[in-house]
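In this note's numbering, the protein residues as written are 1 to 246.
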């Protein structure tokens with residue numbers, strides 16, 4: 001019996017892993033969120049989740065600096081408290097930050113009061129470390145209900161998902177990742193990467209592939225005429241486009 005239960009559990013875990021590896025769950029919750037902007041201007045926003053990591057975030061920042069590219073980091077409060085100096089570096093080097101909750105718990109189990117406390121706590125931690133606040137929010141695992149979307153908007157947050165998922169956390173070959181992204185990217189897209197965490201945890205993991213992707217992707221997209229902007233800049237461009245179309 002124990003062997004059967006163990007095998008069943010293993011198959012469930014494998015099934016969940018394969019589902020999340022090959023299907024982008026964000027697609028089914030995009031309504032009412034921002035995952036790209038319209039227009040023909042060749043701009044793209046690189047985003048990084050689950051940091052800051054003492055090991056990988058500095059390497060990602062180094063790669064972005066060499067590529068002369070700005071990005072947006074959706075950060076976890078617990079990690080900010082462990083690595084405030086890395087968090088400050090993100091801001092000091094001109095990148096944007098967004099909230100990825102304090103502890104990376106899936107929000108669908110939260111009451112609205114718990115959700116508000118979670119985001120307020122993360123905001124306090126971010127402000128203490130960096131002196132800045134953010135109203136950009138990305139939900140862990142992209143899992144979000146309609147009630148939560150409404151509550152977040154009432155709190156003044158803009159819910160940021162993504163157009164393209166690099167799937168870097170499942171460690172695909174970095175050249176394969178670059179090829180996948182360069183073939184599909186369009187003006188106004190938001191691309192998801194990770195600068196921390198593993199498949200089932202927000203600590204540990206190997207982001208070496210992500211670090212290697214950055215210079216190759218940046219070079220190839222620049223050759224196509226793209227430039228890299230933060231999510232804040234992307235949203236500002238969206239406002240300008242909307243006004244010019246009136």
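Even for Gly, the Cβ is constructed at its ideal location relative to N, Cα and C.
Residue nearest to residue 36 in terms of C-alpha spacing, selected from 243, 245, 244, 238: 238
Buried or exposed by the 16-neighbour rule on C-beta atoms within 10 Å, applied to residue 109: exposed
Rounded separation between residue 11 and residue 172 - CA only: Residue confidence is low: residue 11 scores 42 on pLDDT, short of 50, so the model does not pin down where it sits. Its coordinate-derived value is still stated next. The straight-line gap from Cα to Cα measures roughly 22 Å.
Close beta carbons around residue 103, own chain, < 8 Å, minus the five adjacent residues each side: 76, 77, 78, 118
Boundaries of the beta strand (DSSP E) in which residue 86 is found, first to last residue: First-last for residue 86: 84-92, but that is the alpha helix (DSSP H), not the beta strand (DSSP E).
Limits of the alpha helix (DSSP H) - the one that residue 33 falls within: Taken as a continuous stretch (DSSP letters only), residue 33 belongs to no alpha helix (DSSP H), as it is neither H nor E.
Check whether residue 300 and residue 45 have beta carbons under 9 Å apart: Not covered by the structure: residue 300. The range shown for the chain is 1 to 246.
Residue 132 vs residue 97 beta-carbon contact at 9 Å: yes
Which residues DSSP lists as bridging residue 71, in chain order: 46
Distance between residue 206 and residue 152 (C-alpha atoms, nearest Å): 32 Å
Segment limits, alpha helix (DSSP H) that includes residue 192: That residue, residue 192, is in no alpha helix (DSSP H); its beta strand (DSSP E) goes 190-194.
Between the CA atoms of residue 228 and residue 59 - distance to the nearest angstrom: 18 Å
Residue 98, enclosing beta strand (DSSP E) - first and last residue: 96-99
Residue 74 vs residue 115 beta-carbon contact at 9 Å: no
Short Cβ contact (9 Å threshold) for residue 129 with residue 80: yes
Burial state of residue 68, where buried means 16 or more other Cβ atoms lie within 10 Å: exposed
Continuous alpha helix (DSSP H) stretch holding residue 207: start and end: Premise fails: residue 207 is in no alpha helix (DSSP H) and is neither H nor E.
Contact belief for residue 63 with residue 214 at Cβ below 8 Å, rounded distance in angstroms: 4 Å
Check whether residue 247 and residue 217 have beta carbons under 9 Å apart: Nothing in the structure corresponds to residue 247, since the chain is present only between 1 and 246.
Selection from 34, 31, 39 that minimises the alpha carbon distance to residue 243: 39
Contact belief for residue 95 with residue 72 at Cβ below 8 Å, rounded distance in angstroms: 7 Å
Reference residue 140, options 170, 225, 48, closest by Cα: 48
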